[in-house]
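Please read the structure below before turning to the comments.
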Amino acid sequence: MADEELTDIMVDMEFGGLMKDWIEDWSEDENSDRGDWSENGNEWDDVNVTQDDGAKSVQDTASADDKREMFMQIREMTFTSHDAAYDFYNSYARDNGFSIRKNKVKYSKTESHHMRYRRFVCSRHGKRDNRLLTEEGHSRRLRAETRCFCEAHLTVKLDQKRGVWYVESFEDKHSHMLAGPDEVPFLWSHRKIKEYQKHEIMSMGAAGIRIHDMMDCFISKHVWYGGVGFTKREIYNLCAREKRKLLSKGNAATAIGIMASRKQRDPSFFFKYKLDKEGHLNRMFWCDSQSRHDYEDFGDVLVFDSTYKMNRYGMPFIPFVGLNNHRKTTVFGCAIVSDETEETYVWLLQTFLRSMCQKMPKSVITDADAAMIKAIREVLPDVWHRICTWHIEKNMKIHLSHMSLKEFRTLLYYSTSTATFEERWHAFSKRWRSEKTVTWLRRMYKKRRLWAAAYLTEGFWLGMKSNQRSESLNSCLHLHLDGEMTLVDMILHYENAIVRIRENEARDDCTASQSLPVPVTSSRELEIAASHIFTPANFYMLQDDLRKIGGMEIVEIKLGDGTQQYIVAWKNNRKRRFWVEYTPVNSAETIRCSCRRMIRKGLPCKHIFHVLKHLNISEIPKCLVLVRFTKEARLGLPAGRTSDLLGFGWTTAGERMKYSQENLIKQTNDISKCAVEYVDDGEGNMIAVKDPMKVSSKGATKVDKSRPVSKNGRPLSFDELKTRCGACKELGHTRRSKKCKLNHKKVEKEEE
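So the sequence shown is numbered by our numbering: it starts at 307 and just counts up by one.
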C-alpha cells in the first residue's frame, strides 16, 4: 500500500475501544434468545423496553458495526516498513489510552540478515523479573509494578515478494484499565522529543534557560501539557545525554577543544592554557575579538577579582572588566586557575597583556590578596593600584570597634595631603589600638598607599573605588552557575552573560544616537553642547552639576601671562574655595580645577562650568572631553556583539534558527570534534589533557575565634551584632541560644 493511502487510512479511521470485545458482545446480542411476548403483545416478559432504550440499542448496534469494520481494516493493512507499523500502532494506542513497546524480532537467515518479523505489545505485557520485586539487595524504594500479562499486540511480517509489511496478528483485548485522555501524555511511548524540538531545547540551554522554564515555554505554546509530546524528565535526559557525548573525551579536553574551534573561526580569538606536571589543566585565559577591541577603547581602568564555587573543581574564576562610554560594565577577558599564588597571577597578567598587544592600563582595582598585590608590582610596576573599598569596609567592621568606623572612613575616603594623613593615622592608631586590633592596623598601614585617598588623588580612576564591576558580573554568573558545573557549563554561561552585557550596550548606543536629552537648566548653551558630545549616562551627571552653578560665585580673579585664575566658592559658604586655571590659547586651550574631578571621574566639574558660563563660552573645550565618554568612543568602528560559541557542541546560533516544525532537516554534528584528546607540550611531544584537580579556596582572613560568628562561620561585624544576651550580657545571641553559658536548659543537661 502506498504511503499516501496509508496516511488517508490513518486520518479517516477513528481509533477507539476494545474492538474484539465489542465484536464478540455484538455477536452474542444477535444470537441471544429473546423472551416471550406478554399477553398484550407490547412488552417482553423479561425486559421492559422504553423508547430511550431502543434508541440506545440502535446506536450500540451501529457502533459495533463500525468497530468491527475498523478491526477488519487493521487486519488487512500493509506498511512500507516496520517503523511505519510502530508509528501507526503507537498512534492507535494514544487514541485508546495505552502505550506500547517493541517485543519479539526475527531476522532472515540469508547473508543480508534483514528483519522479517516484528511484534509490538502493550507496555503492560508480561511480568517483571522476581529479582526486581524484593527489597533484598536494593537500598531504594521499589518501583511500582506496571506489567500484568496484557495480551494486546500487533504483529507484522515482511512480504519479501512485494516488499511490504503486513499484519500477521492483531489482539485488542486488554487485561487492565485504560488511561484517560488527560493521563495519556504521561505514558511512556507517547513521550518523545521531536527533532525540531530537540534543537530548540539545545538553543534554550545554550541561552542559560532552566529546564523547568523550558517546559513552561512549550506548555504555553501548545496550550496544554498534552500537546507538548514529552515531559520535563525527557528534557533532563536529553540535556544529560548530550552533555555526556560532549564530555566523552574529558571536561578539560572538551573545553580546550571548544576554544580551539573558536580560534579557527575567529583568528582574533585569544586563549592560552597551562598544564601541571601530571597533565592536569592548571590555568586558562581567553578573550574574544570584541573584548580585545573593548580594551583598546576602554582599557584605561582595569578591575579584576577572583570568585569561588563556580565549578565542580573549585577553581577560582577571574573576570577582567572595565567601564565603557555609558559607564556600564564591559568585559575584557576571563580566566580560571587552580591556585592563587604569585606565580599564577604573574602568568595571568602577562598573558592578559599579551592578548592586548602589551597595552598597559592606567590604573588597576583589585581585592587585598597579597599574592595579587605582589604580581601587580612585578608585571605592572608603573600602574596605579588601589584596593577595593568594599573589601576594606567589610574587614574594618570585623576588626574595629563600631565607635571607630566613622573616623576610619575619613582616612579611607577624604583627600588630604600625605602629611595630614600620617598625622591623623597615628592619632587614630593610638586611640583605638588594642590586642585584637594591633595586627590588623599594622597590616593596613603597610598597605596605606593602596587604599588611603590621600595617596590615590593623582590616580586615574573614573570615579571607581571598588571592584563592584567585577562583583556584578560574578553575581550575574552565579544566577546560573553552581558548585557542580563543569568547565564547559561555566564557559557557556559566561558567554551568555557577555552577550547580555553587550545587548545592553547596543541598547545604550541606540538611545545615544537616536535621541537627545532635553535641556532644563539656565546654562542652556553649555547643556546643548554637552548633549551632542557625551552619552546620556555622562550627560545627566553633567546636567546635575549645571543645576548647581547658580549657587556659586567667583570670589577673585587673578591674571597672569596668558593664564587666568578664578577662585570659585559657594555663596553660602565662602570658606571652601576652588581654583580654576584657564589658559585661552587656541592651539592648546587648557582648563583645570583644584577639585581634580577630571582625574577622578573623567568629566568636567561644576566649578569649571561656572567659569565657562562667566566667560560666555558656549562650546565645551576639547581638553575637557575624553573620547572614551563620548558617543564616538569607538571612532566609528562597528562592534561585533554576537557570540560564536557552540552550545553543547551543536550548530551555531545562525544555523539553529533554521530548525522549525515545518523544516525537519536532520543535520548531525560530530560532537567529538569539539574535544582535544592530546596536545603538544611545546617540545613536539603529544600529551593527554586531564581534568583539573579539585582545589580548596584560600577563604577569608583569620580573625579572633572568640568573636561571634554566623551560621557559616563568618565573623559578625559590629552592625550585625544587634542582639545582646539578657543572661550573660554577651553580644550575638539571646538567653535561649545554646551559645549562652547561663542557658538554664544547657546547665541542667550538663549537671545530669
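Just so you know, even glycine gets a beta-carbon here, dropped at the ideal spot from N, CA and C.
Here the structure is a predicted model, which means the values were calculated and not measured.
DSSP on residue i, reduced to helix/strand/coil?
i	result
alanine 875	strand
glycine 563	helix
threonine 936	strand
leucine 1048	coil
aspartate 393	helix
methionine 628	The sequence shown places glycine at residue 628, rather than the methionine named in the question. If DSSP states are grouped into helix, strand and coil, glycine 628 belongs with the strands.
glutamine 664	coil
leucine 654	helix
leucine 587	strand
lysine 326	For lysine 326, the predicted model reports a pLDDT of 39, less than 50, meaning its position is unreliable; a value from the coordinates is still stated below. Lysine 326: helix per DSSP, three-state reduction.
Check for me: the alpha helix (DSSP H) holding residue i runs from which residue to which?
i	result
serine 842	Looking at the sequence shown, residue 842 is not serine but proline. Unbroken alpha helix (DSSP H) run through proline 842: 842-854.
aspartate 675	Looking at the DSSP string, aspartate 675 is not in any alpha helix (DSSP H), and its letter there is neither H nor E.
aspartate 522	517-527
glutamate 602	595-604
threonine 537	Taken as a continuous stretch (DSSP letters only), threonine 537 belongs to no alpha helix (DSSP H), as it is neither H nor E.
valine 637	That residue, valine 637, is in no alpha helix (DSSP H); its beta strand (DSSP E) goes 635-643.
lysine 736	724-738
histidine 505	501-512
phenylalanine 714	711-719
Considering only the alpha carbon of each residue, which of the options lies closest to residue i?
i	options	result
alanine 725	Arg755, Met750, Ser710	Arg755
leucine 852	Lys877, Thr869, Val917, Trp885	Val917
leucine 941	Ala835, Phe385, Phe604, Ile406	Phe604
tyrosine 502	Asp997, Val534, Ser445	Val534
asparagine 879	Gly868, Ile863, Met858, Thr896	Met858
glutamine 870	Lys877, Trp876, Glu862	Glu862
threonine 896	Pro910, Asp606, Ala818	Pro910
valine 607	Gly628, Trp592, Leu587, Arg749	Gly628
leucine 587	Ala641, Arg547, Leu1048, Val689	Ala641
List the whole-angstrom C-beta distance separating residue i from residue j, where the pair is believed to meet the contact cut-off of C-beta under 8 Å.
i	j	result
leucine 654	isoleucine 679	Not quite, the Cβ-Cβ distance comes to about 14 Å (not below 8 Å), so this is no contact.
arginine 550	methionine 791	About 15 Å separates the two Cβ atoms, so there is no contact after all.
threonine 827	glutamate 833	5 Å
valine 462	arginine 424	5 Å
isoleucine 860	histidine 799	Not a contact, Cβ separation roughly 55 Å.
glycine 514	asparagine 802	4 Å
phenylalanine 1076	lysine 433	The first residue shown for the chain is 307 and the last is 1058, placing residue 1076 beyond what the model contains.
valine 685	glutamine 664	Incorrect: roughly 11 Å between the Cβ atoms, too far for contact.
tyrosine 413	arginine 422	6 Å
Work out the CA separation of residue j and residue i for me, nearest whole Å.
i	j	result
glycine 866	isoleucine 807	49 Å
aspartate 1063	glutamate 938	The question about residue 1063 has no answer here: the residues shown for the chain are numbered 307 through 1058.
tyrosine 761	serine 723	8 Å
lysine 712	tryptophan 530	60 Å
proline 927	lysine 700	41 Å
tyrosine 398	glutamine 596	55 Å
glutamine 379	serine 567	55 Å
glutamate 493	cysteine 523	For clarity, residue 493 is leucine in the given sequence; the question names glutamate instead. Approximately 21 Å, taken between the alpha carbons.
glycine 765	cysteine 899	15 Å
lysine 580	methionine 590	6 Å
alanine 512	leucine 553	16 Å
histidine 1039	tryptophan 746	26 Å
aspartate 327	histidine 496	The predicted position of aspartate 327 is uncertain, since its pLDDT is 44 and thus under 50; a value taken from the coordinates is nonetheless stated next. Going by the C-alpha atoms only, they are around 25 Å apart.
threonine 271	proline 825	With the chain covering 307 to 1058 only, the question about residue 271 has no answer from this structure.
arginine 1042	alanine 1033	9 Å
glutamate 925	threonine 889	15 Å
isoleucine 977	valine 670	Bear in mind that a pLDDT of 37 at isoleucine 977, under 50, signals an unreliable position, so the model cannot answer this.
arginine 906	serine 721	11 Å
lysine 703	arginine 683	28 Å
glutamate 728	tryptophan 757	14 Å
valine 643	alanine 674	18 Å
valine 490	lysine 498	13 Å
asparagine 631	proline 573	27 Å
alanine 818	serine 772	27 Å
histidine 518	lysine 538	7 Å
glycine 486	aspartate 401	10 Å
isoleucine 873	arginine 883	6 Å
methionine 662	glutamate 602	8 Å
tyrosine 392	arginine 430	17 Å
alanine 559	serine 710	53 Å
For chain D, is any of its Cβ atoms less than 8 Å away from the one on residue i?
i	result
threonine 743	The displayed structure is made up of one protein chain only, and chain D is not part of it.
I need the boundaries of the beta strand (DSSP E) containing residue i, first residue and last residue.
i	result
arginine 422	421-428
isoleucine 406	406-413
arginine 898	896-899
lysine 578	576-581
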